[in-house]
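Colleague: The structure's right below; bear with me while I get my questions together.
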Amino acid sequence: MATVLPLISSLHSEFMEKRHWQQLQEICKKNFDSYNPQFNFKDILDLELFKYENQVNELVDVAQKEAKIEKKIKAIENIWVKQVFEFEEYQNTKNFAGLDTMLELLDANSMDLMGMKSQGKYVEFFIDTVEDWRKNLGKVDQVVNEWLKVQKNWRLLVNIFMKSEDIKQQLAEETKIFETVDREFRELMQETSLNPAIVEACMSEERYDVLHTMNTSIKRCEKSLNEYLEQKKKSFPRFYFLSNQSLLTILSNGTNPPKVCEFIGDCFDGLKTLIFKPPLPG
Numbered sequence: 002m003a004t005v006l007p008l009i010s011s012l013h014s015e016f017m018e019k020r021h022w023q024q025l026q027e028i029c030k031k032n033f034d035s036y037n038p039q040f041n042f043k044d045i046l047d048l049e050l051f052k053y054e055n056q057v058n059e060l061v062d063v064a065q066k067e068a069k070i071e072k073k074i075k076a077i078e079n080i081w082v083k084q085v086f087e088f089e090e091y092q093n094t095k096n097f098a099g100l101d102t103m104l105e106l107l108d109a110n111s112m113d114l115m116g117m118k119s120q121g122k123y124v125e126f127f128i129d130t131v132e133d134w135r136k137n138l139g140k141v142d143q144v145v146n147e148w149l150k151v152q153k154n155w156r157l158l159v160n161i162f163m164k165s166e167d168i169k170q171q172l173a174e175e176t177k178i179f180e181t182v183d184r185e186f187r188e189l190m191q192e193t194s195l196n197p198a199i200v201e202a203c204m205s206e207e208r209y210d211v212l213h214t215m216n217t218s219i220k221r222c223e224k225s226l227n228e229y230l231e232q233k234k235k236s237f238p239r240f241y242f243l244s245n246q247s248l249l250t251i252l253s254n255g256t257n258p259p260k261v262c263e264f265i266g267d268c269f270d271g272l273k274t275l276i277f278k279p280p281l282p283g
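Below is the structure:
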């Protein structure tokens, strides 16, 4: 009794699930129904638990640790069911607002799932669920990072390729490519804003491939733009003192000298601006 009573107390644990009682049947090699109202103290004694002290203690220990893992999994599920993208307006379209908090949570939960996988027998019952969520969050991480690259590069180039007449003329092919990306990106962001659930948006079929293709197209446009600007800098080396954005402003205002004058001080020491006067009569 000195052995059996503590074991009975342990088996009373709130963490003992139906599967654990089935495992106890296998340990004791006896059939019983612990959920039957007629299951009583005599039935427990008939199990002869004193013969299986170590196995019973280990079973209860496993039940407790499985419960902790299950609680963490449910917490992760509850978090990501509620996670949604937040948006802000930029250039008449939806853009993601700050995602820093979500990305930190993504890293933390991914680490939690990796930690669960290393817990051996305690995670065996939940291994499929843990692996599914690990893959899902890995996919979210991959897609969101590619998505943010597209958004960042699109924001850098949208004014240049969509509003600069000079660039449209000089880089006509790249402008057409960017116009296609611009249309697709705006449509994608509008669609996502209507259903902003993060996991669902990232798990959408071919979502990563679409974003990667958009990013490749943007990089091609950016490469051609940089080569074009490099030619202009070589023809007038003082342009190297300017940022690409400033240089683009100059190039797109070649017929509007007063607009170009704001950059004179960046190109030449001792000059701030130039004043233009109408020509003298005669």
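According to our numbering, the sequence shown is numbered sequentially starting from 2.
Don't be surprised by glycine CBs; every beta carbon is placed ideally from N, CA and C.
Please read all numbers here as calculations on a predicted model, not as lab measurements.
From the DSSP output, which residues share a beta bridge with TYR91?
Modeller: In the DSSP output, where bridge partners are listed per residue, TYR91 has THR94.
Colleague: Relative to the C-alpha of THR250, which candidate in PRO238, SER236, ILE265 has its C-alpha closest?
Modeller: Considering only alpha carbons, the answer is ILE265.
Colleague: Return the bridge partner residues of ALA198 from the DSSP annotation.
Modeller: BP columns for ALA198 point to VAL85.
Colleague: Can you tell me where the alpha helix (DSSP H) with ILE161 in it begins and where it stops?
Modeller: Note, ILE161: alpha helix (DSSP H), 128 to 164.
Colleague: Does the beta-carbon of ASN190 have 16 or more other beta-carbons within 10 angstroms, so that it is buried, or is it exposed?
Modeller: As written in the sequence, residue 190 is Met, which differs from the Asn given in the question. So MET190 counts as buried.
Colleague: Does the separation of the CB atoms of PHE42 and LEU8 fall below 9 Å?
Modeller: No, the Cβ-Cβ distance between PHE42 and LEU8 is not below 9 Å.
Colleague: Take CYS268 as the anchor and find which of TYR36, LYS177, LEU243, PHE127 has the nearest alpha-carbon.
Modeller: Nearest C-alpha to CYS268: LEU243.
Colleague: Is the segment 83 to 102 in contact with the segment 17 to 35, if contact means three or more CB pairs nearer than 8 Å?
Modeller: No, the segment 83 to 102 does not touch the segment 17 to 35.
Colleague: Can you give me the C-alpha to C-alpha distance between ALA202 and SER218, rounded to a whole angstrom?
Modeller: Their Cα atoms are separated by approximately 22 Å.
Colleague: Taking Cβ to Cβ, would you say ALA76 is nearer than 9 Å to PHE16?
Modeller: The answer is no: Cβ separation not under 9 Å.
Colleague: Cβ atoms of MET117 and LYS72: under 9 Å apart, would you say?
Modeller: Going by C-beta atoms, LYS72 is not nearer than 9 Å to MET117.
Colleague: For the segment 179 to 199 against the segment 129 to 140, are there 3 or more C-beta pairs whose distance is under 8 Å?
Modeller: No, the segment 179 to 199 is not in contact with the segment 129 to 140.
Colleague: State the Cα-Cα distance for the pair LYS153 and GLY271, rounded to the nearest angstrom.
Modeller: Roughly 36 Å between the two C-alpha positions.
Colleague: If you check the beta carbons only, do GLU180 and PHE162 fall under 9 Å apart?
Modeller: Yes.
Colleague: Could you check whether the Cβ of MET117 sits closer than 9 Å to any Cβ belonging to chain D?
Modeller: Chain labels in this structure do not include chain D; a single protein chain is all it has.
Colleague: For GLU147, tell me which candidate among ILE168, LYS177, ARG208 has the shortest Cα-Cα distance.
Modeller: It is ARG208 whose Cα lies nearest to the Cα of GLU147.
Colleague: What did DSSP end up calling THR4 once you bin it into helix, strand or coil?
Modeller: Coil at THR4, not helix or strand.
Colleague: What does the Cβ neighbour count give for PHE128, buried or exposed, with the cut at 16 atoms within 10 Å?
Modeller: Checking the sequence shown, residue 128 turns out to be Ile, not Phe. Exposed, because fewer than 16 other Cβ atoms sit within 10 Å of the Cβ of ILE128.
Colleague: Hey, SER165 and ASP142: beta-carbon distance below 9 Å or not?
Modeller: No; because the gap between Cβ atoms is not below 9 Å, this pair is not in contact.
Colleague: Anyone know if the C-beta pair for GLN92 and ARG156 falls short of 9 Å?
Modeller: Taking 9 Å as the Cβ cut-off, GLN92 and ARG156 qualify as a contacting pair.
Colleague: Should LEU25 and LEU48 be called a contact, given that it needs their Cβ atoms to be closer than 9 Å?
Modeller: Closer than 9 Å, so yes.
Colleague: Looking at MET215: is its Cβ nearer than 9 Å to the Cβ of LYS140?
Modeller: Cβ atoms of MET215 and LYS140: not closer than 9 Å.
Colleague: Give the straight-line distance between the Cα atoms of ASP113 and LEU106, rounded to the nearest whole angstrom.
Modeller: Going from the Cα of ASP113 to the Cα of LEU106 covers about 10 Å.
Colleague: Between LYS122, LEU275, ILE80, which has its C-alpha nearest LEU104's C-alpha?
Modeller: That would be ILE80, whose Cα lies nearest to the Cα of LEU104.
Colleague: In whole angstroms, what is the alpha-carbon distance linking PHE126 and TYR229?
Modeller: Looking at the two C-alpha atoms, the distance is approximately 60 Å.
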